[in-house]
Amino acid sequence: MPDPTAATAPEAHDATVPLVLALVDDAGLFPPTALPMDEAVARHRADDETAHPVHTGRFLVPASRLDELRQALREGETFRVGVIADVPLTDLPDVLLSLVDDPRLELAGVEVRLPFGDLQEAVVAVQTALGGTGAPAYVEIPLAQAEEGRTRAALEAVHRAGLGAKVRCGGVSADLFPTAQQLADVLLAATELDTGSDAEGDTGSDAGLKGTAGLKGTAGLHHAVRYVDDATGFTHHGFLNILVAVLRARADAGRDAVLAGLTSDDGASLAAEVRATDPAEQRAARDVFVAYGSCSTATPIEDLAALGLTTAASVREERDPTQQIDQQQ
8 MPDPTAATAP
18 EAHDATVPLV
28 LALVDDAGLF
38 PPTALPMDEA
48 VARHRADDET
58 AHPVHTGRFL
68 VPASRLDELR
78 QALREGETFR
88 VGVIADVPLT
98 DLPDVLLSLV
108 DDPRLELAGV
118 EVRLPFGDLQ
128 EAVVAVQTAL
138 GGTGAPAYVE
148 IPLAQAEEGR
158 TRAALEAVHR
168 AGLGAKVRCG
178 GVSADLFPTA
188 QQLADVLLAA
198 TELDTGSDAE
208 GDTGSDAGLK
218 GTAGLKGTAG
228 LHHAVRYVDD
238 ATGFTHHGFL
248 NILVAVLRAR
258 ADAGRDAVLA
268 GLTSDDGASL
278 AAEVRATDPA
288 EQRAARDVFV
298 AYGSCSTATP
308 IEDLAALGLT
318 TAASVREERD
328 PTQQIDQQQ
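Counting in the numbering used here, the sequence shown runs from 8 upward without gaps.
Right, here's the structure in full:
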């Protein structure tokens, strides 16, 4: 596999650009890495001690494995968790209630799949299951296997409900990878809904959360820049490609420019475009694409450091409190 970061050696940069602050959730429990619980907890503990600004500090855990996580924690230790609902929606309220009185687990987000069937009924079912947790909530909407028009309709429905959306960008089979065209369409739609909310005055710390179309990514985003996996032959989207595409969408550059951002494999050019973008606009783009889960917490930092967009993992930087994931989402 060609190294997407090797086109041109970037000049050294001491700081992390706003576009990638608090970007990466810890998804070490999930495939393809699928770490055992003890190993995943140990890695997250070490990441929390380092507190790299690209990390969100959020540990993604299936609802069905919360008890296993509790057993792996040390006495007096607290983890910020994003609960992935792998249980029936009817069981989710009890799962979330169990976190209320547990000082070891701080609920920092909930992610659920949109149920099949009538769209509005599905969204109501999700809202009912979530109850009044107050935590950021993201609903996985159809994308790679979407019916015509269903993706946009689902995005608008969760937007109106004050929920965020989650898009699957890959997986273990080719059909789970959305095309660049499909991804461009959902990014353009999310940007349109987000900027519409901005126009209505929703520009505070909850922008991208309540009443906007903030997106999270899941699966397949293994590297910063688009590449072809030699082992599978699958073309993987790059998380930096997605962020640049959002920058272009917000700048009204047009669908062709957004699509070109998604399909570029020129990491140096993408990084240069980011560095040339106003920091305020970079932060605004994160109201659209708020975070993604990565099985590896080291690879995103390595890729971004090679492109001059952050510091190496061995260099400690305090996370910007205005970029914490619970505010973004």
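Backbone N, C-alpha and C fix where the C-beta goes; we use that ideal spot for every residue, glycine too. Note that this is a predicted model, so its numbers are computed, not measured.
Of the candidates Asp285, Leu26, Val61, the residue whose Cα lies closest to the Cα of Pro307 is Val61.
In the DSSP annotation of this structure, the continuous segment of the beta strand (DSSP E) that includes Gly171 starts and ends at 171-175.
Below 8 Å, too few C-beta pairs join the region 176-184 and the region 258-267 to call them touching: fewer than three. In the structure shown, Glu56 falls within a helical segment according to DSSP collapsed to helix, strand and coil.
Only buried fits Ala172, as 16 or more other CB atoms lie within 10 angstroms of its CB. Looking at the DSSP output, Arg120 bridges to Glu147.
Note on Thr304: 16 or more other CB atoms within 10 angstroms of its CB, so buried under the neighbour-count rule. Inter-segment contact for the region 118-133 and the region 162-172 is present: three or more beta-carbon pairs are separated by less than 8 Å. If you ignore the 5 residues before and after Glu84, its C-beta comes within less than 7 Å of the C-beta of Arg111, all in its own chain and listed in chain order. Positions of the alpha helix (DSSP H) runs, each at least 4 residues long and wholly inside the region 61-112, are given as 73-79, 99-107 in order along the chain. Residue pairing by DSSP places Leu222 opposite Ala172, Phe296 in a beta bridge. Contact between Arg262 and Leu195 holds, with the beta-carbon distance rounding to 6 Å and staying under 8 Å. No residue range can be given for Asp236, since it is assigned to no beta strand (DSSP E) and is classified by DSSP as neither H nor E.
The residue from Phe86, Val235, Thr140, Glu118 with its alpha-carbon nearest to that of Asp93 is Glu118. Separation of the CB atoms of Gly224 and Tyr145 is rounded to 10 Å, and the pair is thereby denied contact status at 8 Å. Taking 8 Å as the upper bound for CB-CB distance, Leu42 and Gly35 are in contact here, some 5 Å apart.
Residue nearest to Val232 within the set Asp192, Leu254, Ala278, Glu199 is Ala278 (criterion: CA-CA distance). Counting only runs that start and end inside the region 272-317, the beta strand (DSSP E) elements of at least 3 residues fall at 296-301. Under the three-state reduction of DSSP output, Val179 falls in the coil class, being neither helix nor strand. Distance from the CA atom of Val107 to the CA atom of Gln78, rounded to whole angstroms, is 17 Å.
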